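Numbering (the numbering used here), first residue to last: 143 to 433. All C-beta atoms, glycine included, are put in the ideal place defined by N, C-alpha and C. Computed from a predicted model, the values in this text were never measured in an experiment.
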Ligand code: NAP
């Protein structure tokens with residue numbers, strides 16, 4: 143990639159940011175498209191967020207991805223926010239318009255991409271979502287878009303679960319219920335889709351699983367087991383579920399597809415999804431070889 147006097151800037155903000163895979167994926171795509179852009183990581187402390195936005199405006203940055211801890215706190219600093227991002231209360235993609243910064247959320251599209259080709263009868267599908275953090279919000283909004291019959295969110299902290307439930311508009315709240323972990327035996331046998339949004343099982347705790355051995359035996363054989371984690375691939379949860387006959391989906395495709403949707407917004411042209419996928423796979427394989 144040749145940086146010239148007319149190269150335009152994109153980036154990702156977070157704190158920390160060194161672990162982010164977004165620069166690998168986006169710069170591979172930019173190169174494949176021959177676009178005159180560069181995508182950089184920016185570590186921005188929470189108290190510097192407004193300064194960073196002012197600086198980005200001053201240097202004419204075209205757009206950026208947003209990751210932890212800024213996905214919610216950036217919202218009041220933007221001039222416009224898509225309905226989608228408002229409905230889940232989080233922004234992961236921002237771009238510059240004539241009047242300021244526009245924020246939206248591509249995590250929902252990313253989450254849905256590997257589910258849509260499966261052609262299930264979503265209106266008959268009950269979902270169990272493990273965890274009630276930021277990613278769970280995109281998962282709930284995505285399941286509501288699919289029209290799932292019931293969305294049952296399972297967490298370990300009743301106060302956080304109640305806040306989670308109360309944050310939704312009625313259209314989604316009607317399908318949503320929240321539960322503590324000990325209620326899993328009542329929920330799992332009916333679930334057509336079980337999504338792990340907790341970090342349980344993520345590297346370096348690869349032997350951990352959000353489900354115990356007895357709980358895994360409660361999974362219906364035709365269920366879809368979806369883990370948002372992408373290191374390792376597959377996780378212990380997906381291995382266990384696949385052994386029960388479930389269809390496994392890991393988090394890599396969500397990562398690729400949310401990135402592709404963002405790049406399309408910034409560059410105003412289709413993203414080279416396969417290039418992005420291969421860049422991530424090669425990077426993760428190289429990283430695994432070093433562990
Ligand atoms: P987060 O906001 O910190 O939420 C994590 C959730 O997991 C919280 O509800 C937390 O419970 C729960 N949790 C954490 N440790 C737990 C434990 N030991 N037992 C029970 N519950 C536990 O994080 P996030 O942003 O939602 O991310 C969650 C996971 O999704 C991470 O692994 C992340 O890498 C992955 N992710 C993947 C993608 C993708 O594109 N594939 C996108 C976003 C996130 P409390 O609320 O009670 O603390």
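Residue i versus residue j - alpha carbon distance
i, j, result
"residue 156", "residue 357", "35 angstroms"
"residue 247", "residue 370", "16 angstroms"
"residue 193", "residue 372", "32 angstroms"
"residue 220", "residue 363", "45 angstroms"
"residue 388", "residue 361", "8 angstroms"
"residue 314", "residue 378", "31 angstroms"
"residue 195", "residue 182", "15 angstroms"
"residue 216", "residue 395", "26 angstroms"
"residue 146", "residue 201", "15 angstroms"
"residue 385", "residue 365", "12 angstroms"
"residue 277", "residue 209", "11 angstroms"
"residue 140", "residue 399", "Since the displayed the chain opens at 143 and closes at 433, residue 140 lies outside it and no answer follows."
"residue 327", "residue 351", "16 angstroms"
Ligand 1 heavy atom lying under 7 angstroms from the CB of residue i
i, result
"residue 155", "no"
"residue 249", "yes"
"residue 407", "no"
"residue 276", "yes"
"residue 299", "yes"
"residue 175", "no"
"residue 397", "yes"
"residue 217", "no"
"residue 326", "no"
"residue 371", "yes"
"residue 400", "yes"
"residue 418", "no"
"residue 273", "yes"
"residue 393", "yes"
"residue 344", "yes"
"residue 365", "no"
Sequence-distant residues of the same chain with beta carbon closer than 7 angstroms to residue i, five excluded per side
i, result
"residue 421", "166, 167, 170"
"residue 393", "369, 370, 371, 372"
For residue i, the nearest candidate out of the options (CA to CA)
i, options, result
"residue 289", "263, 205, 178, 239", "263"
"residue 234", "319, 403, 270", "403"
"residue 184", "390, 206, 175", "206"
"residue 335", "148, 256, 395", "256"
"residue 331", "286, 359, 416", "359"
"residue 280", "411, 214, 291", "214"
"residue 154", "241, 349, 191, 176", "191"
Closer than 8 angstroms to chain B by CB, residue i
i, result
"residue 211", "In the displayed structure, chain B is absent; only one protein chain is listed."
Contact set for residue i: own chain, Cβ-Cβ below 8 angstroms, skip 5 residues either direction
i, result
"residue 282", "230, 271, 293, 295, 310, 314, 318"
"residue 397", "163, 167, 252, 372, 422"
"residue 298", "322, 323"
Cβ neighbours of residue i in the same chain (closer than 6 angstroms, five flanking residues each side left out)
i, result
"residue 179", "150, 152, 172"
"residue 187", "157"
"residue 254", "284"
"residue 391", "256, 368"
TODO: Taking only runs that begin and end inside the stretch 155-196, name each unbroken alpha helix (DSSP H) of 4 or more residues, in chain order.
DONE: Entirely contained in the stretch 155-196, the alpha helix (DSSP H) runs reaching 4 residues are, in chain order, 164-175.
Task: Complete alpha helix (DSSP H) runs within the stretch 325-369 (minimum length 4 residues, chain order) - done: Restricting attention to alpha helix (DSSP H) runs no shorter than 4 residues, the stretch 325-369 encloses them at 326-329, 355-358, ordered along the chain.
TODO: Note down, one range per segment and in chain order, each alpha helix (DSSP H) of at least 4 residues found wholly within the stretch 373-430.
DONE: List check, alpha helix (DSSP H) in window: 378-385, 394-409.
- [ ] Only counting runs of 4 or more residues, tell me where the alpha helix (DSSP H) segments fall wholly within the stretch 266-292, in order along the chain.
- [x] Counting only runs of 4 or more, we get 276-288.
Task: In chain order, each beta strand (DSSP E) run of at least 3 residues that lies wholly inside the stretch 191-263 - done: If one requires a minimum length of 3 residues, the beta strand (DSSP E) runs lying completely within the stretch 191-263 are 205-208, 235-238, 243-246, in chain order.
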